[in-house]
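The number in the numbering used here is simply the position in the sequence shown, starting from 1, with 1 added. Think of the CB as a built atom: it goes at the ideal place given N, C-alpha and C, for glycine as much as any other residue.
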Amino acid sequence: MKVPFFNYPLLYESQKHRMDKAINNVVKKGAYILQNELIEFEKKLSEYTGSKYAIGVANGTDAIWLALFAAEVGSGDEVIVPSHTYIASPAAIKFVGATPILAECGEDHLLDADDIEKRITSKTKAIMPVQLNGRTCDMDSIIEIANENDLIIIEDSAQGLGSLYKNRMAGTFGLAGTYSFYPAKVLGCFGDGGAVVTDSESIYNKVYEMRDHGRDHSGKHVSWGFNSRLDNLQAAILLEKFKTFDKDIQLRRNIALLYHAKLKDINSIIMPPFPGSEKDRFDTFQNFEIRCERRDELRDYLSNNGIGTLIQWGGEAIHQIKGLGFNCKDLPFTESLFEKCILLPMNSLMTLEDAEYVANTIRKFFL
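Listed below in structure tokens is the structure:
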């Protein structure tokens, strides 16, 4: 039996009729840029998240720096960001001229609210929670810290769409939130895509202009801008995929429940909280990231048994990447995490039978 970590060709084949129809509708009209499909998708995303505004952009990284730029974060400012994140988060901060300050992550692999205050200086302007693996941070604590220190919040919710904290959608807690529609996301397109959501009219207008060479709603160039438009082909695909989005999330939650039921008695494994175990959270399980002893041995064993896994970002924390200029010596949990973390298969093509095979194979390894 084989359980790939992700299978792009098979995913397309499973949706071929629907996706081909959506793509052909755009191609036949020749309407590729800033047309009806994008407008409809932005409306759908704003309604789904409960945000006043949603702006489609070229990718998740652009979404972050555009939100930061619109919030006037720039040279001389510091932005606190978790140490367990993709390079895009601190890179976007650097891109607007600010300095990323890495904070420790907690037991759930997300930004540790207790560590934030230690990182605040007179230069701190913003906190960037990263809603990782389809789970939302402890936003009550983060908002309290931000309010006490007059800081803004810009959320990197690249992996967070659909996840809830106290019935509020990831990406909607701060001045702006950002999403990625990279193909491996639960809501993924057939290339790159991203979006910014906000309740601020000012942020909306600035991002709207910046994504299209400084053009305002009338089509006039009113400022310097950039080219970061979500094209209509991707918007059409995302609209189609939105139809099964909640169903795809429920499948992932069912797989997560099975993993927990099968692996909870193995002391060498630490898993994320299982669905329904926390009344204030609804996790989508974009990824199922565990910590375990003998991580590399387990990865090889699973591979030899036809099971694909992934160690996020090559098993290297941001501050450990040579050439980025970080000199952090106070992130012990993060460093320990990157020695033990691994992602188990979790995707929309899996069956519970697949998940059971994965879990049983892990049991054989440890027991």
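Enclosing alpha helix (DSSP H) for residue i [first to last residue]
i	result
TYR209	202-211
PRO346	From DSSP, PRO346 is part of no alpha helix (DSSP H); its letter is neither H nor E.
GLU73	Run containing GLU73: none; DSSP gives neither H nor E here.
LEU11	9-30
ARG364	353-367
THR245	It is not in any alpha helix (DSSP H) - THR245 carries neither H nor E in the DSSP assignment.
LEU39	37-50
PHE96	89-96
Distance between residue j and residue i (C-alpha atoms, nearest Å)
i	j	result
ASP193	LEU67	16 angstroms
ILE256	MET347	7 angstroms
LYS265	PHE6	22 angstroms
GLU354	LEU259	10 angstroms
ARG295	ASP217	55 angstroms
PRO101	ILE319	11 angstroms
LYS341	PRO333	13 angstroms
SER52	ALA177	10 angstroms
GLY161	ASP151	25 angstroms
ILE128	PHE339	23 angstroms
ARG136	THR179	14 angstroms
THR62	SER158	11 angstroms
ASP21	GLY31	15 angstroms
ILE94	LEU35	27 angstroms
GLU38	ILE121	42 angstroms
THR199	ALA147	17 angstroms
PRO130	LEU299	31 angstroms
ILE185	GLY277	The sequence given here places Ala at residue 185; Ile does not occur at that position. Approximately 25 angstroms, taken between the alpha carbons.
SER349	LYS124	43 angstroms
PHE42	ILE56	9 angstroms
LYS365	GLY107	29 angstroms
LEU231	GLU290	30 angstroms
THR383	ALA104	One cannot answer for residue 383 here, as it falls past the ends of the chain, which runs 2 to 368.
ASP213	LYS244	28 angstroms
Residue i - partner residues in DSSP beta bridges
i	result
ASN1	Residue 1 lies beyond the stretch modelled for the chain, which goes from 2 to 368, so this question has no answer here.
VAL198	ALA55, GLY178
HIS222	ARG216
LEU311	LEU344
CYS106	LEU112
PRO83	ALA104
VAL131	ASP157
THR125	GLU79
VAL4	ILE308
Buried versus exposed, by CB contacts within 10 Å (16 or more), residue i
i	result
PRO10	exposed
GLY175	buried
ILE270	buried
GLN313	buried
LYS242	buried
ASN233	buried
SER76	exposed
VAL74	buried
ASN228	exposed
TYR358	buried
THR86	buried
HIS222	exposed
MET211	buried
HIS110	buried
LEU325	exposed
SER337	exposed
ASP113	buried
TYR1	The structure shown does not extend to residue 1, since the chain is modelled only from 2 through 368, so no value can be given for it.
ASN1	This structure does not reach residue 1, given that the chain is present from 2 up to 368, and the question cannot be answered.
VAL80	buried
GLU317	exposed
ILE40	exposed
SER304	exposed
MET2	exposed
ASP247	exposed
ASP284	buried
LYS323	exposed
The beta strand (DSSP E) enclosing residue i, as first and last residue numbers
i	result
LYS186	Neither: LYS186 is in no beta strand (DSSP E) and is coded neither H nor E.
In chain order, which alpha helix (DSSP H) runs of at least 4 residues are fully inside the region 143-177? none
Please specify which runs of the beta strand (DSSP E), each continuous and at least 3 residues long, are wholly inside the region 257-309, giving them in chain order. 289-293
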